[in-house]
Every structure is written in C-alpha cells, then in structure tokens.
Amino acid sequence: MADKTNSATLTFNNKQVELPIYSPTAGPDVLDIRKLYAEGGVFTYDPGYTSTASCDSAITYIDGDEGVLLHRGYPIDQLAEKSHFLEVCYLLLYGELPTADLLEDFESRVTNHTMIHEQMHMFFRGFRRDAHPMATMVGVVGAMSAFYHDSTDIADPWQREVASIRLIAKMPTIASMAFKYSIGQPFVYPRNDLDYASNFLRMCFSVPAEDYEVNPILSRAMDRIFTLHADHEQNASTSTVRLASSSGANPFASIAAGIACLWGPAHGGANQAALEMLREIGTVDQIPEYIKRAKDKDDPFRLMGFGHRVYKNFDPRAKVMKQSADEVLDLLGVENNETLKVAKELEKIALEDPYFVEKKLYPNVDFYSGIILDAMGFPTSMFTPIFAVARTVGWVSQWKEMITDPGLKIGRPRQLYTGPTYRDYVDVERR
Ligand code: SDX
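Mapping the sequence shown onto the working numbering, position 367 (from 1) lands on 546, and the numbers just tick up by one.
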C-alpha cells in the first residue's frame, strides 16, 4: 500500500470530512474515500469508473497521455522486441525477469500442463458447429472447475499456483479445440517439443492427413501478439475477474467471467469488429464516408480499433503491431494487401481530422492485430479467443495479487437510486 502523503478536506451539507491522499510510484495521486459514507453520509458517483482506482496494483502501469505501458516497470516495446511470451508471463506472475534456470523450470511446468482432461472433449460436442469460439471458451473454461477440483481452493497457495499454470497452459489448447470444432476438423493434441506459440499454431492449423511445419515467421509474430495482449491494468475484463473472485469464486469460474466480458465489441471483441469494418470499407476511396459516419452523433457507428479509455495518445501496442503487420505481410509475400492499405490511410486521415484530434482518438491494440491474424490464416471469429489466450496471464496475475492482499474485501458498489420511493402493494382489482 502507498504511503499517505497529504489529505483533502471535503466540506458539504454542514459537514467536513478529511480524506487521506496517497502517492503512487507512478501516475496520479489517489483520494481515499473509504470512510466518506460513514462520516459524510454520501456516496461518490462514477459510472464507468472514469476517475476511480478500484485497487492498488504493482503489475502494469499505463500513462495514457504519454502512450506508455510498463509491465513490472519494463516498457512493452522492449519486451515485444527482446523477450518472449512465457518470459513475460513469468514477469507478470512473479514480479521479476527470471534467471535462465527459473525460466526453464517455468516453461517446463507450463508445457507439461497443456493437455486438457480427455473427458472435456465431450463438452465441445455439445455446442452447435456454428457456435462462436468465444461462447465455447466461456463454457469450457468455466467447466474446468468441474474437472480440476485439486486447484480450486484459493486459500491454498499451492492450489493457486497450480490453477495459474493450468490456465496459462490450457488456454491455447481450448482455443484451438474451439476453432477445430467450428471448422469440423479433428482436435490436435499439444506437443511438448514445441514452444508456446508454435504449439498453438500447430493445434490450429495441422491436419492428420499431412505433416505440419511451423513457419518461424508466424510463430514469432504469434508470440509477439500474445505479449502485446498479456495485461493492461484494470481494464473491463480484468476488473470482472477481480470482482468475480472477490466473492471467493474459484479461479476457473472467475476467468470464465473475464472471457465473457472480453467478448464485447467495445473491449476485446474490437479486433474482430475492426477487421470486419476495414473489409466493409473495402477501398481507400470509401474512407471519407465512414469517417463522416463515425463523427455523426446520430449514427451508432464507431471506428473500431480507435479510441481508448486511458490512451489519449498512441497505444504503444498499436505501434508495435503496425510494424509487425508490415513485417509479417512482407515476409509472407502478401503484396498489395488492400485491407492494410485501407487501415493505414484510415489512420492517416483520422489523425488529421479535428474530431479525432480534439477527442484524442488514436488506433488501439485492436486496429492492426486483425490484419496480421487474417494473414496468418485465422478467421475473424478466432481473433478475440486469441486475445483471451494472451490475457489469461494478466487476469491470473491480477487475481493472484488480489487474493493474496490481506485487505481483500468483496467488491460491492452502491448506487444513485432514481426509482419509486416506498409505496404499498395494490390488489389487482384496484389497479
Ligand atoms: C481494448 O481498457 C483497456 O485497457 C482495454 C484494452 C485492453 O488491453 O484491455 O486496451 C483493449 O478494449 C481496446 C479498445 C477496443 N475498443 C474499440 O476499439 C471500440 C471502439 N472504441 C470505442 O468504443 C471507445 O473508444 C472505447 C470503448 C474504447 C473507450 O470508450 P470511452 O473511454 O468510454 O470513451 P467515450 O465512449 O466516452 O468516447 C469519448 C468520445 C465520445 O464522443 P462524445 O460523446 O464526447 O461527443 O469519443 C467518441 C465518443 O463518441 N469516440 C469515438 C470512438 N471512440 C470514442 N468516436 C468514433 N469512433 C470511435 N472509435
């Protein structure tokens, strides 16, 4: 917990309440309002939590004005370039970059938990073939609490550790099985001689009828996409996981709740929506029409992959993703990719348009990711499941941080009530 550095006195309704102010290691000071209702008899009001810190955390720091994203202090662009996803997982989970031995042990533990209980295969067969893979993932991950009873007791540090490793290890297997099921192909088992990203690509794209060689360009791009989506402070799905697990719900049920929240098009579902939007725009000459619609208050259309609650500058992940899109398409020999052309021109036009400049709307992590995933052969329905695979380590790290906080309380917000005041029941004859 940060130290008290100051205090604020709130004077209202003939009352004065003194509220402590804490200074973080980075970012804005916070005003501790926990005693405001007891001493002042009022609630604060902040739908959407635009000015509310829900917790203290030491995992990820975002400076939205400067376009900075740090994981345990390390900038995302350096991690994307110099690290790899499982090393970033270790950093997020345990707080420090691992030594070579610690990394080898961690990677071995993850690798040896990638298979799922054989009986869970039956779950997939209960879904319609055309079910969205996110629907399948919510169901199957929630069902993990019905199979892995030996890692659901959150009070037991060892069970918390096993649940963390199982979730990180099994998410790619579950996502690839959801994909295979949706295209009517047989499930592919993980292999222990492949790295995390290569394993995922092979489970998605190999078929029994022929050998499958992982393309190193694609596995590096896949690993980087996982790293760029790993954690992001108290976003909607992470806050969902924290709130769900604050009641003591088991980790698998809490992560399933996070997957459900991530699915929304305003959040993780934006990568699918962004590529579909770019395809709908089709060609560069259609862009002005869509920019006009995005600015029209009466039109619900928004530029998907643009804007962010925190970033009022470039999303640093979008910068890395844009470079990666160029590299991957070039290395794959994908020329004249109309969608990438539309994306780049749309970004250029939007960033010169007063509406977007004034509202500080920049491309976010979802704007370019879909172009890479599409070039890698994924259907748009798999974009958000891939986001969920990557974000699992962020959810698990934040969950672990909260569960081990001695000050943990169940999350229970209050409200500004606007409904009818007390009134007696009226019998139906007299209504
Ligand atoms: C992710 O929180 C995270 O960290 C999320 C994430 C993570 O890693 O976990 O970064 C991942 O979810 C990225 C965001 C993906 N979503 C999209 O790309 C969907 C399109 N973006 C918008 O829906 C919106 O920008 C949000 C939801 C991302 C942010 O919404 P806010 O913070 O509630 O902002 P807002 O809706 O109040 O917008 C402020 C203004 C509004 O205009 P006014 O009412 O002030 O006149 O900007 C406008 C909005 O209409 N606006 C847009 C816009 N985004 C905001 N106008 C056109 N196109 C857009 N994309």
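Note that the Cβ used here is the ideal one computed from N, Cα and C, for glycine as well.
Following a CB-centred definition, is residue 538 positioned closer than 6 Å to any heavy atom of the ligand SDX? For residue 538, the shortest separation between its Cβ and any heavy atom of the ligand SDX lies below 6 Å.
Any idea what DSSP makes of residue 413, helix, strand or coil? Coil.
Taking only beta-carbon positions, decide if residue 200 is within less than 7 Å of chain D. The question asks about chain D, but that chain is absent: this structure has only one protein chain.
Pairwise C-alpha distance: residue 430 and residue 509: Straight through space, the alpha carbons of residue 430 and residue 509 are spaced by roughly 41 Å.
Check whether the Cβ atoms of residue 197 and residue 184 lie closer than 7 Å to each other. Cβ atoms of residue 197 and residue 184: not closer than 7 Å.
Under 8 Å by Cβ, that's how I've got residue 416 and residue 437 pegged, so tell me the actual separation to the nearest angstrom. A Cβ-Cβ distance of about 4 Å is found for the pair residue 416 and residue 437, placing them in contact under the 8 Å criterion.
For residue 575 and residue 434, the rounded distance between their alpha carbons: CA-CA distance, residue 434 to residue 575, rounds to 8 Å.
Whose CA, out of 338, 318 and 334, lies closest to the CA of residue 327? For residue 327, the nearest C-alpha among the options comes from 338.
Contact under 7 Å by Cβ, residue 336 with residue 379: Cβ atoms of residue 336 and residue 379: not closer than 7 Å.
Buried/exposed call for residue 409, threshold 16 Cβ in 10 Å: By the 10 Å Cβ count, residue 409 comes out buried.
With DSSP run on the structure shown, which of helix, strand or coil describes residue 242? Correct three-state label for residue 242: strand.
Can you tell which of 274, 286, 402 and 384 has the C-alpha that lies nearest to the C-alpha of residue 363? Looking at the Cα atoms, 384 is the closest of the given residues.
With a threshold of 6 Å, establish whether the CB of residue 512 neighbours any heavy atom of the ligand SDX. Here the distance from the Cβ of residue 512 to the nearest heavy atom of the ligand SDX is not below 6 Å.
Cβ neighbours of residue 216 in the same chain (closer than 7 Å, five flanking residues each side left out): Excluding sequence neighbours, residue 216 sits near 222.
Can you tell me whether residue 411 sits near the ligand SDX, meaning its C-beta is under 6 Å from at least one heavy atom of the ligand? Checking the Cβ of residue 411 against the ligand SDX gives yes.
Residue closest to residue 504, alpha-carbon to alpha-carbon, out of 238, 590 and 403: Of all alpha-carbon atoms in 238, 590 and 403, the one lying nearest the alpha-carbon of residue 504 is that of 403.
Which runs of the alpha helix (DSSP H) fall wholly inside the stretch 534 to 608 and span at least 4 residues, in chain order? Taken in chain order, the complete alpha helix (DSSP H) segments of 4 or more residues contained in the stretch 534 to 608 are 544 to 554 and 562 to 582.
In chain order, what residues of the same chain have a beta carbon less than 6 Å from the beta carbon of residue 546, not counting five sequence neighbours either side? Taking C-beta separations shorter than 6 Å and ignoring five residues to either side along the sequence, the partners of residue 546 in its chain run 453, 484 and 497, following chain order.
Beta-carbon proximity check, residue 345 vs residue 300, cutoff 7 Å: No, they are not a contact pair.
Just list the residues that DSSP pairs residue 183 with in beta bridges. Bridge pairing for residue 183: 201 [DSSP].
Does the ligand SDX have a heavy atom nearer than 6 Å to the CB of residue 299? If you check the C-beta of residue 299 against the ligand SDX, you find no heavy atom less than 6 Å away.
In the DSSP output, what is residue 194 paired with across the bridge? In DSSP, residue 194 forms a bridge with 191.
Identified DSSP bridge partners for residue 250: Paired residue(s): 239 and 253.
Assess contact between the stretch 577 to 585 and the stretch 555 to 568, defined as three or more Cβ pairs (one per stretch) separated by less than 8 Å. Is contact present? Touching, no.
Buried or exposed for residue 365, going by 16 or more other Cβ atoms inside 10 Å? Exposed, by the Cβ-count rule.
Looking at the unbroken alpha helix (DSSP H) that takes in residue 511, where does it start and where does it end? DSSP places residue 511 in no alpha helix (DSSP H); its state is neither H nor E.
Residue 210 (DSSP reduced to helix, strand or coil): Collapsing the DSSP output to three states places residue 210 in a strand.
Proximity test, residue 400 beta-carbon vs the ligand SDX heavy atom, cut-off 6 Å: No, the ligand SDX has no heavy atom inside 6 Å of this Cβ.
Of all the options 193, 443, 610 and 282, which has the alpha carbon lying nearest to the alpha carbon of residue 219? Ranking 193, 443, 610 and 282 by Cα distance to residue 219 puts 193 first.
Apart from the five residues just before and just after residue 286, which ones in its own chain have a Cβ nearer than 7 Å to its Cβ? The beta carbon of residue 286 lies closer than 7 Å to those of 265 in the same chain, with the five residues before and after it left out.
Are the Cβ atoms of residue 357 and residue 316 separated by less than 7 Å? Remark: C-beta atoms of residue 357 and residue 316 approach each other more closely than 7 Å.
Is residue 246 near the ligand SDX, in the sense that its beta carbon is under 6 Å from a heavy atom of that ligand? With a cutoff of 6 Å, residue 246 does not count as near the ligand SDX, since its C-beta is closer than that to no heavy atom of the ligand.
With a threshold of 6 Å (Cβ to nearest heavy atom), would residue 488 be considered close to the ligand SDX? When distances are taken from the beta-carbon of residue 488 to the heavy atoms of the ligand SDX, the shortest one is below 6 Å.
Out of curiosity, what's the CA-to-CA distance linking residue 359 and residue 210? Inter-residue distance for residue 359 and residue 210 is about 49 Å (C-alpha atoms, whole angstroms).
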